[in-house]
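S.K.: When the letters of the sequence shown are read in order and numbered with this note's numbering, they come out as residues 1 to 221. Note that CB positions come from ideal geometry on N, CA and C, so glycine has one too. Pasting in a structure now, in structure tokens, and then I'll have a few things to ask.
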Amino acid sequence: MGFNIAIDGPAGAGKSTIAKRVAKELSFIYVDTGAMYRAVALYLIKNGISPEDEAGLLRACGQIHISIEYENGEQQVILNGENVTGQLRNEEVGNMASAAAAKPCVRETLLTLQRDLAVKADVLMDGRDIGTNILPDAQLKIYLTASVETRAGRRFRELQEKGEACTLEAIAKDIEERDRKDMSRETAPLKMAEDAVLVDSSEMDIEEVAARIISLYRERR
Ligand code: C5P
């Protein structure tokens, strides 16, 4: 069995940036589970299916096939044969992902895929329920968070760099709404695992957070 690192936390805490950095440094495979929920969301958007339409969602869950490939070390998400990686990181897809992720049939669809990826190798997986639900035996669990202001500011700059129109206020509201949904849902809500280490990155830069996680890893290996 490989060594598993689980990183959970709310939207915009910097999980994917940090996770990519740490995985590269430790030669781990990085698994971004948010991208899988986003791929499900993309399918629902493209097919005009509301997550509240129970029958439609159930049918969709049966038709969605997601797999993961790696291209130059970068995770690619394949949705029913199409590489959709470039279509996943925008607010519309993120909000739909959060709505869909509350539905048990969606989580069920992705659970096996996520667990299978972790048995094969040294894997660093990030998401919302990795330490609590997907990989409860992970040897290192991190709960990475930051204040809403910090997270909104980071997301804002990220979207601006991509040339997407947005305001800081709208993003902060989106983030709060997403936190609320992710933390209050019945199935696999976002919460810190009892044996996770809390890292608040509000006053830390990427290098500091990465160094902290790497040092925790070295203590445990
Ligand atoms: O991390 P990211 O913003 O890409 O995740 C998009 C949405 O997918 C989250 O808001 C959350 O609702 C959902 N998600 C989840 N469980 C995970 C990863 C993501 O519920 N393990």
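1. If you compare alpha carbons, which of Phe28, His65, Met183 and Cys166 is closest to alanine 41?
2. So the candidates are Glu149, Gly131, Phe28 and Asp179; which of them puts its Cα closest to the Cα of alanine 121?
3. State the beta-bridge partners of aspartate 32 as determined by DSSP.
4. Which stretch, first to last residue, makes up the beta strand (DSSP E) that contains alanine 6?
5. What are the boundary residues of the alpha helix (DSSP H) that serine 215 is part of?
6. Keeping to the same chain, check which residues put their C-beta closer than 8 angstroms to that of glutamine 87; ignore five residues upstream and five downstream.
7. In the DSSP assignment, find the unbroken alpha helix (DSSP H) run with glutamate 149 in it and report its ends.
8. Can you tell me the Cα-Cα spacing of valine 199 and valine 84, whole angstroms?
9. In three-state terms, what does DSSP make of threonine 85?
10. When the Cα atoms are used, what is the spatial distance from tyrosine 217 to leucine 140?
11. Among the residues of its own chain, which have a CB less than 7 angstroms from the CB of proline 104, if the five just before and after it don't count?
12. Does the beta-carbon of methionine 1 have 16 or more other beta-carbons within 10 angstroms, so that it is buried, or is it exposed?
13. Is threonine 17 a contact residue of ligand 1, with contact defined as CB to any heavy atom under 7 angstroms?
14. Aspartate 200 bridges to which residues according to DSSP?
15. Any contact between the region 170-185 and the region 97-115? By contact I mean 3 or more CB pairs, one from each, below 8 angstroms.
16. With a CB to CB cut of under 8 angstroms and the five nearest residues on each side skipped, what residues in its chain are close to cysteine 166?
17. What residues in its chain sit with their C-beta under 7 angstroms from that of phenylalanine 3, if we drop five residues either side in the sequence?
18. Rounded to the nearest angstrom, how far is the Cβ of tyrosine 37 from that of leucine 110, given a contact under 8 angstroms?
19. Apply the 10 Å Cβ neighbour rule to threonine 145 and answer buried if 16 or more other Cβ atoms are within range, or exposed otherwise.
M.R.: According to the structure shown:
1. For this step, residue 41 is matched to residue 41 along the sequence shown. It is His65.
2. Taking the first residue of the sequence shown as 1, we reach residue 121 at position 121. When the alpha-carbon of alanine 121 is set against those of Glu149, Gly131, Phe28 and Asp179, the nearest one is in Phe28.
3. As a working note, residue 32 is residue 32 in the sequence shown. Asp126, per the DSSP bridge assignment.
4. Looking up residue 6 in the sequence shown gives position 6. Boundaries of the beta strand (DSSP E) around alanine 6: 4-8.
5. Numbered from 1 along the sequence shown, position 215 holds the residue referred to as residue 215. 206-220 is the extent of the alpha helix (DSSP H) around serine 215.
6. Indexing the sequence shown from 1 puts residue 87 at position 87. Correct list, in chain order: Leu42 and Val93.
7. Position 149 of the sequence shown, counted from the start, is the residue given in the question as residue 149. From DSSP, the alpha helix (DSSP H) with glutamate 149 extends over 148-161.
8. Counting from one through the sequence shown, the residue named residue 199 turns up at place 199. Counting from one through the sequence shown, the residue named residue 84 turns up at place 84. Cα-Cα distance, rounded: 31 angstroms.
9. Translated into positions along the sequence shown, residue 85 becomes position 85. Of the three classes helix, strand and coil, the one that applies to threonine 85 here is helix, per DSSP.
10. By 1-based counting over the sequence shown, the position of residue 217 is 217. By 1-based counting over the sequence shown, the position of residue 140 is 140. Those two C-alpha atoms are separated by around 7 angstroms.
11. The residue labelled residue 104 in the question sits at position 104 within the sequence shown. Around proline 104: Thr187.
12. Indexing the sequence shown from 1 puts residue 1 at position 1. Looking at its Cβ environment, which holds fewer than 16 other Cβ atoms inside 10 Å, methionine 1 is exposed.
13. Taking the sequence shown and counting its residues from 1, one reaches residue 17 at position 17. Not one heavy atom of ligand 1 lies closer than 7 angstroms to the C-beta of threonine 17.
14. Numbered from its first residue, the sequence shown carries residue 200 at position 200. DSSP, once it has assigned bridges, lists Thr145 as partnering aspartate 200.
15. Judged by Cβ distances under 8 angstroms, the region 170-185 makes contact with the region 97-115, as three or more pairs qualify.
16. Counting from 1 along the sequence shown, the entry for residue 166 is found at position 166. Excluding sequence neighbours, cysteine 166 sits near Glu91, Phe156, Leu159 and Gln160.
17. Stepping through the sequence shown from its first residue, residue 3 is reached at position 3. Answer for phenylalanine 3: Asp122, Gln139 and Arg221, listed in chain order.
18. For the purposes of this step, residue 37 is identified with residue 37 of the sequence shown, where counting begins at 1. For the purposes of this step, residue 110 is identified with residue 110 of the sequence shown, where counting begins at 1. Yes, tyrosine 37 and leucine 110 are in contact; Cβ-Cβ is about 7 angstroms, under 8 angstroms.
19. Locating residue 145 in the sequence shown gives position 145, where the first residue counts as 1. Label assigned to threonine 145: buried.
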